[in-house]
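Each residue of the sequence shown is one higher than the last, beginning at 212 in the numbering used here.
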Amino acid sequence: MRKVLVVDDNAVNRKLAVALLKRRGMHVEEADGGRVALEMLLAGQFDSVLLDISMPVMDGKEVCQIIRNTPALIGLKVVAYTAHAMESERQSIMAAGFDDLLVKPISGQDLLRVLPDELA
């Protein structure tokens, strides 16, 4: 079973993503911030991470850059998970090292588009 970490400081946003992923047979864990997410990623074996961009203390871009510079996390699929949909923001997000981007609120179709291997 594929394993996804959902990282968002907003519990309602996490709940929706978790429900959609679980409906598709994924094993899902949650983190409410960047530091906790990094600890969980280093301690466990995840296939993908849905990472909110706007979080206090450590934002999603910073977490993504740490992931990309951590040898133990090479190959992890990192998907930005954000309400920021303007083109300039999308470009900045993707330049930070993300594999793909989901705009909130998300749907099951959105997940199939960015996580096709995990949800196959």
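We put the CB at the ideal spot given by N, CA and C, even for glycine.
Keep in mind that this is a model prediction, so the values were computed, not measured.
Q.
Just to confirm the assignment: which complete beta strand (DSSP E) runs, minimum length 3, are found wholly within the stretch 278-329?
A. If only uninterrupted beta strand (DSSP E) runs of at least 3 residues are considered, those enclosed by the stretch 278-329 are 288-293, 311-314.
task: Report, in whole angstroms, the separation of the C-beta atoms of V215 and R225, which I expect to be a contact under 8 Å.
output: Counting from one through the sequence shown, the residue named residue 215 turns up at place 4. Counting from one through the sequence shown, the residue named residue 225 turns up at place 14. That belief does not hold up - the Cβ atoms of V215 and R225 are roughly 12 Å apart, past 8 Å.
Worksheet item: Since I285 and T293 are thought to touch, with beta carbons under 8 Å apart, how far apart are those beta carbons, to the nearest angstrom?
Response: Taking the sequence shown and counting its residues from 1, one reaches residue 285 at position 74. Taking the sequence shown and counting its residues from 1, one reaches residue 293 at position 82. Rounded, the Cβ-Cβ distance is 24 Å, inconsistent with contact.
| task | Name the residue from M212, K233, D328, L262 whose alpha carbon lies nearest to the alpha carbon of G308. | result | Sequence index remark: in the sequence shown, residue 308 carries index 97 (1-based). Taking only the C-alpha atoms, the option nearest G308 is L262.
Given L313, which residues of its chain have a CB within under 8 Å of its CB, disregarding the five upstream and five downstream residues?
-> Against the sequence shown, residue 313 aligns to sequence position 102. Answer for L313: L261, V290, A291, Y292, T293, D321, L322, V325, listed in chain order.
- Task: Taking only the alpha-carbon atoms, compute the straight-line gap between Q302 and K315 and give it to the nearest angstrom.
- Result: For the purposes of this step, residue 302 is taken as residue 91 along the sequence shown, with counting starting at 1. For the purposes of this step, residue 315 is taken as residue 104 along the sequence shown, with counting starting at 1. Note on geometry: alpha-carbon atoms of Q302 and K315 lie some 17 Å from one another.
query = Would you call K233 buried or exposed, if buried means 16 or more other Cβ atoms sit within 10 Å of its Cβ?
reply = Numbered from 1 along the sequence shown, position 22 holds the residue referred to as residue 233. K233 should be labelled exposed.
Start-to-end residues for the alpha helix (DSSP H) that takes in V268: Taking the sequence shown and counting its residues from 1, the one referred to as residue 268 is at position 57. Element bounds for V268: n/a, residue is neither H nor E.
| task | May I ask which residues mark the beginning and end of the beta strand (DSSP E) holding D185? | result | A question about residue 185 goes unanswered here, because the residues of the chain that appear run from 212 up to 331.
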